Structure formats: C-alpha cells, structure tokens
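K.L.:
This is the structure I want to talk about, given as structure tokens.
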Amino acid sequence: VKELLKILESEKKLILRMSVIMLLGFSQDTSSIQVVVEKLEDSNKKIRAAAAWATIAQKSREAVPPIHRILLKECSYPEATPFVIALGNIKTTESQKALVDLMGLVLEDRPQDMILSYLIRAFQDVSGQNFMMAGVQTQKNFQEMARKAIEWWKNENK
Numbered sequence: 693v694k695e696l697l698k699i700l701e702s703e704k705k706l707i708l709r710m711s712v713i714m715l716l717g718f719s720q721d722t723s724s725i726q727v728v729v730e731k732l733e734d735s736n737k738k739i740r741a742a743a744a745w746a747t748i749a750q751k752s753r754e755a756v757p758p759i760h761r762i763l764l765k766e767c768s769y770p771e772a773t774p775f776v777i778a779l780g781n782i783k784t785t786e787s788q789k790a791l792v793d794l795m796g797l798v799l800e801d802r803p804q805d806m807i808l809s810y811l812i813r814a815f816q817d818v819s820g821q822n823f824m825m826a827g828v829q830t831q832k833n834f835q836e837m838a839r840k841a842i843e844w845w846k847n848e849n850k
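Using our numbering, count along the sequence shown one by one with no gaps and you end on 850.
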C-alpha cells in the first residue's frame, strides 16, 4: 500500500493515477481507505469515478457522506452508476437513507432518468427488501418501485 500511495503522489498521468486508486480499493488498510474517500471529492471527474469503483470493493462506511454529497449534485445515468453501486455495497443505515434521498430527488426532478433502476437495485441490496417485479420493466414500473421503497423506508424508520 505504501508503494501505491507514493506512486499516486508523484504520478502525473491520469490513467496511471486512476489505476492506482482502483488498486487501493482492494486494500482494507486505513491509509488506503482514507485516500480513496478523499479522491471521491477530487476536482477531476475521472479520478472521482475511479475512487467510486474502488469504494465498491472497500465497502467503507466513511465513503457514504461524500458519495451522498456528490450524488445530490449530479445523479444521472451513466456517470452516477459507480457511486450508486458503491452505496449498494455499503450496508449501513446511512447508505439506505442516502439512497432513499436520491430516489426521491430523481422521482421529483428526472423521473425518466435510467439511474432510478440502479438506485432501486442498490437499495434492495442494503435493505434486504425486494421491490423489483418480474418481467420486462418500464420506467413507469421503476418509478412505482422507487415510491414503494421510499414508503417502506419511512415506515421502518418512524
């Protein structure tokens, strides 16, 4: 991990920096988790995405607040996908709440956005509930599933 952190500090090529960040995702070392979480809010969009993919493997609860902040600003398909998947892998009450907030935001502002299906799947992963229906899904189905997931969350967290 120390060698990877040194490379990340000194490397200028974007693709190599992204690769190092993604490799750090396979470490549960405190310093690697801290760096990955910091990179979630990097000024470079590609670095942020690499950190989100790394977070999927780390499943670090420290990543929930920055991912939530990022997705509140920019939660559209396909850019938001790794961030949503990461939240789905972090099985905490905080990640459930973040996903509920985001489903509500998308339903209100952009109900046709494909990211809604990813939010529902991620919420199912963290909640252990099933809101998906069998068969071919339409965006209208996803909207209804999201409403049911939000309603379930509210009833469970009164």
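Think of the CB as a built atom: it goes at the ideal place given N, C-alpha and C, for glycine as much as any other residue. It should be emphasised that the depicted structure is a prediction, and the values quoted were computed from it without experimental measurement.
Can you tell me which of 796, 778, 794 puts its alpha carbon nearest to the alpha carbon of residue 754?
P.N.:
To locate residue 754, count along the sequence shown from 1; it is residue 62. Minimum Cα distance to residue 754 is reached at 778.
K.L.:
Please give the ranges of any alpha helix (DSSP H) in the stretch 789 to 838, keeping only runs that are unbroken, at least 4 residues long and fully inside the region.
P.N.:
Taking only runs of at least 4 residues, the alpha helix (DSSP H) segments lying wholly in the stretch 789 to 838 are 807 to 819.
K.L.:
With a CB to CB cut of under 6 Å and the five nearest residues on each side skipped, what residues in its chain are close to residue 708?
P.N.:
As a first step, residue 708 is located in the sequence shown; it is residue number 16 there, counting from the start. Result list for residue 708: empty, nothing under 6 Å.
K.L.:
List the whole-angstrom C-beta distance separating residue 760 from residue 790, where the pair is believed to meet the contact cut-off of C-beta under 8 Å.
P.N.:
Translated into positions along the sequence shown, residue 760 becomes position 68. Translated into positions along the sequence shown, residue 790 becomes position 98. That pair is a contact at about 4 Å.
K.L.:
In terms of residue numbering, what span does the alpha helix (DSSP H) encompassing residue 849 cover?
P.N.:
Your numbering for residue 849 matches position 157 in the sequence shown. First-last for residue 849: undefined, no H or E at that position.
K.L.:
Could you give the distance in angstroms between the alpha-carbon of residue 714 and the alpha-carbon of residue 734?
P.N.:
As a working mapping, residue 714 is identified with position 22 in the sequence shown. As a working mapping, residue 734 is identified with position 42 in the sequence shown. For residue 714 and residue 734, the distance between alpha carbons rounds to 14 Å.
K.L.:
Go through its chain and collect everything with a Cβ distance to residue 773's Cβ below 8 Å, but skip five positions before and after it.
P.N.:
Stepping through the sequence shown from its first residue, residue 773 is reached at position 81. Cβ within range, chain order: 807, 810.
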